[in-house]
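*Asks:* The numbering of the sequence shown is our numbering, which starts it at 652 and goes up by one. This is the structure I want to talk about, given as structure tokens.
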Amino acid sequence: MDNEKKRSASFSKGLLQSGELYQYVLETNVYPREPELLKELRDMTATHPRAIMATAPDAGQLIAMLLKLTNAKRTIEVGVFTGYSLLLTAFTIPEDGKIVAIDMNREAYEIGLPVIRKAGVENKIEFIESEALPVLDQLLEDIRMKYFKILPGNENGFDFAFIDADKINYWKYHERLMKLVKVGGIVVYDNTLWAGSVAMPEECTPEILREGRERTLEFNKLLAADPLVEISLAPLGDGITISRNNEVKQRVTKATIFIQMFGLGLSAASSLGW
């Protein structure tokens, strides 16, 4: 891909005031540190008709830092596409780390699979070709079967999750992930500025963006009002929202769930350290 095409493809994922400014960010801070195999996968994805679906490289750089800061080992990815963020995660987590990667479209995943294999990290990935909600529900059921082992704080839960999928289900994903990701764990949601349309008057929003804009506005409002998480929306790529489980409130909530499920009295819950 020549420089002009690269610039066009890059700016399509950026929300800065000009393509030149976004290109400066990429060329100064992102591309020089991007592993060669990630660059190879990014270039391959750029030829795909729906290349816009790929994780922006500047957003990916922040995700990698979050994975390192949290010492993430077990992660979930909902929405894989060709696997840019998946490969980035596999590079970042430890050798014995694991990623549960969920996507309905295996065909897109297989575009990036040769690069993943070349990188030698396929063993870290469990790819599940499915809608995400049934898989998340099954993971929750597995947790319920081992509930005495994971409370309080869900220490054996997932450390990190990245969501880049159908916007209509973002809140349903959030509700489940708050039970799957351990206390203090991170969930990152992509596309939370939806090409900047969240700040546009509805009548000025291009038709192609309107449904996604409505879903994104609804999700952002719900997430901002959720007392169980701390959040930060970063204007990288198409907007990514970083959500962290709030430890104190989560411990109270999990104790309540435990009491409801197993009929424990308050004294019993207290004896467990809640």
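Built from N, CA and C at the ideal position, the CB exists for glycine as well. Please read all numbers here as calculations on a predicted model, not as lab measurements.
1) For chain B, find out if any of its Cβ atoms is closer than 8 Å to the Cβ of proline 886; answer yes or no.
2) Is there contact here, the segment 735-751 with the segment 772-786, by at least three beta-carbon pairs under 8 Å?
3) With a threshold of 8 Å on Cβ separation, who are the neighbours of threonine 726 within its own chain once the five nearest residues in sequence on each side are excluded?
4) CA-CA distance, valine 880 and alanine 702?
5) Taking only the alpha-carbon atoms, compute the straight-line gap between isoleucine 819 and phenylalanine 870 and give it to the nearest angstrom.
6) Counting pairs of Cβ atoms below 8 Å between the segment 814-834 and the segment 756-770, do you hit three or more?
7) Which partner residues does glutamate 728 have in the DSSP bridge list?
8) Are the CB atoms of leucine 737 and leucine 689 within a distance shorter than 8 Å?
9) Short of 7 Å in beta carbon distance, which residues of its chain neighbour serine 781, apart from the five on each side in sequence? Order them along the chain.
10) Check whether the segment 884-894 and the segment 702-711 are in contact - that is, three or more C-beta pairs closer than 8 Å.
11) How many Å lie between leucine 844 and threonine 867 at the Cα?
12) So, are the CB atoms of leucine 692 and threonine 721 less than 8 Å apart?
13) Output the boundary residues of the beta strand (DSSP E) element that contains serine 883.
14) State the Cα-Cα distance for the pair leucine 860 and valine 729, rounded to the nearest angstrom.
15) Mapping the DSSP letters down to three states, classify threonine 733 as helix, strand or coil.
16) Could you check what DSSP says for glutamate 780 in three-state terms: helix, strand or coil?
17) Mark methionine 633 as exposed unless 16 or more other C-beta atoms lie within 10 angstroms of its C-beta, in which case mark it buried.
18) Arginine 827 and leucine 884: beta carbons closer than 8 Å?
19) Taking the alpha-carbon of leucine 666 as reference, which of Ala846, Lys872, Asn896 has the nearest alpha-carbon?
20) Given that a residue counts as buried once 16 or more other Cβ atoms are within 10 Å of its Cβ, and exposed if not, what is arginine 768?
21) If I'm right that threonine 892 touches tyrosine 824 with Cβ under 8 Å, what's the distance once you round it to whole angstroms?
22) Please list the terminal residues of the continuous beta strand (DSSP E) segment that includes glycine 835.
23) Thinking C-alpha only, which one of Gln674, Leu672, Tyr735, Ile794 is nearest aspartate 815?
24) Quick check on the DSSP output: the beta strand (DSSP E) that includes asparagine 896 runs from which residue to which?
25) So the alpha helix (DSSP H) glycine 711 belongs to, where does it begin and stop?
26) As a quick exercise: from Val676, Glu746, Asn896, pick the residue whose alpha carbon is nearest that of glycine 771.
*Replies:* Short version:
1) Of the chains in the structure shown, none is chain B; there is only one protein chain.
2) With three or more CB-CB distances shorter than 8 Å, the segment 735-751 counts as touching the segment 772-786.
3) For this step, residue 726 is matched to residue 75 along the sequence shown. Leu718, Thr740, Ile744, Gly748, Lys749, Ile750, Val751, Phe809, Asp810, Phe811, Ala812, Phe813, listed in sequence order.
4) For the purposes of this step, residue 880 is identified with residue 229 of the sequence shown, where counting begins at 1. For the purposes of this step, residue 702 is identified with residue 51 of the sequence shown, where counting begins at 1. Computed Cα separation, rounded: 31 Å.
5) For this step, residue 819 is matched to residue 168 along the sequence shown. For this step, residue 870 is matched to residue 219 along the sequence shown. Taking the straight line from one Cα to the other gives about 9 Å.
6) With a cut-off of 8 Å, the segment 756-770 and the segment 814-834 do not count as touching, because too few Cβ pairs lie within range.
7) In the sequence shown, residue 728 corresponds to position 77, counting from 1. Residue pairing by DSSP places glutamate 728 opposite Ala752, Phe813 in a beta bridge.
8) The sequence position of residue 689 within the sequence shown is 38, counting from 1. The sequence position of residue 737 within the sequence shown is 86, counting from 1. No, Cβ-Cβ distance for leucine 689 and leucine 737 is not below 8 Å.
9) Counting from 1 along the sequence shown, the entry for residue 781 is found at position 130. Answer for serine 781: Ile753, Met755, listed in chain order.
10) Taking 8 Å as the limit for Cβ pairs, the verdict is that the segment 702-711 does touch the segment 884-894.
11) Taking the first residue of the sequence shown as position 1, residue 844 is located at position 193. Taking the first residue of the sequence shown as position 1, residue 867 is located at position 216. The C-alpha of threonine 867 is placed about 7 Å away from the C-alpha of leucine 844.
12) Counting from one through the sequence shown, the residue named residue 692 turns up at place 41. Counting from one through the sequence shown, the residue named residue 721 turns up at place 70. It is not a contact, given that the beta carbons lie outside the stated cut-off.
13) Counting from 1 along the sequence shown, the entry for residue 883 is found at position 232. Note, serine 883: beta strand (DSSP E), 880-885.
14) By one-based count along the sequence shown, residue 860 stands at place 209. By one-based count along the sequence shown, residue 729 stands at place 78. Answer to the nearest angstrom: the Cα atoms are 21 Å apart.
15) Counting from 1 along the sequence shown, the entry for residue 733 is found at position 82. If DSSP states are grouped into helix, strand and coil, threonine 733 belongs with coil.
16) Here residue 780 refers to the residue found at position 129 of the sequence shown. For glutamate 780, the three-state secondary structure derived from DSSP is strand.
17) Outside the shown range of the chain, which is 652 to 925, sits residue 633, and nothing can be said about it.
18) Counting from 1 along the sequence shown, the entry for residue 827 is found at position 176. Counting from 1 along the sequence shown, the entry for residue 884 is found at position 233. No, they are not a contact pair.
19) Within the sequence shown, residue 666 is the residue found at index 15, counting from 1. Considering only Ala846, Lys872, Asn896, the residue with the shortest C-alpha distance to leucine 666 is Ala846.
20) Here residue 768 is taken as the residue at index 117 of the sequence shown, counted from 1. Exposed, since its Cβ has fewer than 16 Cβ neighbours within 10 Å.
21) To locate residue 892, count along the sequence shown from 1; it is residue 241. To locate residue 824, count along the sequence shown from 1; it is residue 173. Taking C-beta atoms under 8 Å as the contact rule, threonine 892 and tyrosine 824 fail to qualify, at a distance of about 12 Å.
22) The residue given as residue 835 occupies position 184 in the sequence shown. Per DSSP, glycine 835 belongs to the beta strand (DSSP E) from 832-841.
23) Walking along the sequence shown from the start, residue 815 turns up at place 164. Closest option to aspartate 815, Cα to Cα, is Tyr735.
24) Residue 896 sits at position 245 when you count from the first residue of the sequence shown. In the DSSP assignment, asparagine 896 falls within the unbroken beta strand (DSSP E) covering 891-896.
25) As a position in the sequence shown, residue 711 is number 60, starting the count at 1. Residues 708-720.
26) Position 120 of the sequence shown, counted from the first residue, corresponds to residue 771. Here the closest residue by C-alpha is Glu746.
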